[in-house]
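Shown next, in structure tokens, is the structure this report addresses.
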Amino acid sequence: MEIPGEKSLQFKYIMPAVAWAMVIFIASSIQGTSLPDLGKWSADKLIHSGVFGILAVFSFIAFRHYGAVKSKSLRWGWTMSFIFCIMYAASDEIHQMYVPNRASEMLDFLADSIGIVVVHVYTLVFRLKA
Numbered sequence: 001m002e003i004p005g006e007k008s009l010q011f012k013y014i015m016p017a018v019a020w021a022m023v024i025f026i027a028s029s030i031q032g033t034s035l036p037d038l039g040k041w042s043a044d045k046l047i048h049s050g051v052f053g054i055l056a057v058f059s060f061i062a063f064r065h066y067g068a069v070k071s072k073s074l075r076w077g078w079t080m081s082f083i084f085c086i087m088y089a090a091s092d093e094i095h096q097m098y099v100p101n102r103a104s105e106m107l108d109f110l111a112d113s114i115g116i117v118v119v120h121v122y123t124l125v126f127r128l129k130a
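Just so we're aligned, residue 1 is where the sequence shown starts under the numbering used here, counting upward by one.
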């Protein structure tokens, strides 16, 4: 049985995550970098954490609302969002191996993961209590 407006509800909550994932893909497709190298934990790593933290927020909202429509638990939405974000971060680093003048770095993946974990821990502590 279809819930009235279910498709528009899903679109409304899924689109920000899809759009942000596209922004990440496009940004990581640009050849080279304009950020100066300031060491291992430069502004670049903070940007990585922030960008993937935002993806974690959008994907958590999308999976949470999708799960509510499909009678899944909030924890299901959290788990699916976490898995999606980690896999997307890994695929982003693999993608960068094939972009000229870009490098795939384990520290970038670690920075991405930190942003993802921070958001998901926050949602676990503050959103899943209710």
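Backbone N, C-alpha and C fix where the C-beta goes; we use that ideal spot for every residue, glycine too.
Straight-line gap, Arg176 to Gln96 (C-alpha atoms, nearest Å): Beyond the ends of the chain as shown, which are 1 and 130, falls residue 176; an answer cannot be given.
Would you call the segment 61–68 in contact with the segment 110–121, where contact means no fewer than 3 C-beta pairs closer than 8 Å? no
Please tell me whether Phe58 and Ala90 are closer than 7 Å, where the distance is taken between their beta carbons. On the sequence shown, position 58 is the one that residue 58 refers to. On the sequence shown, position 90 is the one that residue 90 refers to. For Phe58 and Ala90, no; Cβs fall outside 7 Å.
Alpha helix (DSSP H) segment containing Ser132, residue limits: No answer is possible for residue 132: it lies beyond the span of the chain, which begins at 1 and ends at 130.
With a threshold of 16 other CB atoms inside 10 Å of the CB of Tyr98, please say whether the residue is buried or exposed. Along the sequence shown, read from residue 1 onward, the residue named residue 98 stands at position 98. Tyr98 comes out exposed.
Cα separation between Val51 and Val118? By 1-based counting over the sequence shown, the position of residue 51 is 51. By 1-based counting over the sequence shown, the position of residue 118 is 118. Those two C-alpha atoms are separated by around 12 Å.
Endpoints, the alpha helix (DSSP H) within which Ser104 is located: As a first step, residue 104 is located in the sequence shown; it is residue number 104 there, counting from the start. That residue, Ser104, is in no alpha helix (DSSP H); it is neither H nor E in DSSP.
Where Gly77 and Ala19 are concerned, what is the direct C-alpha to C-alpha distance, given to the nearest angstrom? Taking the first residue of the sequence shown as position 1, residue 77 is located at position 77. Taking the first residue of the sequence shown as position 1, residue 19 is located at position 19. Their backbone Cα atoms lie some 19 Å apart in a straight line.
Give me, in chain order, the residues of the same chain whose beta-carbon lies closer than 6 Å to that of Tyr13; leave out the 5 immediate sequence neighbours on both sides. Mapped onto the sequence shown, residue 13 falls at position 13. Contacts found: Ile61, Ala62, His65.
I need the DSSP call for Gly67, collapsed to helix, strand or coil. On the sequence shown, residue 67 is found 67 positions in, with the first residue counted as 1. Helix at Gly67.
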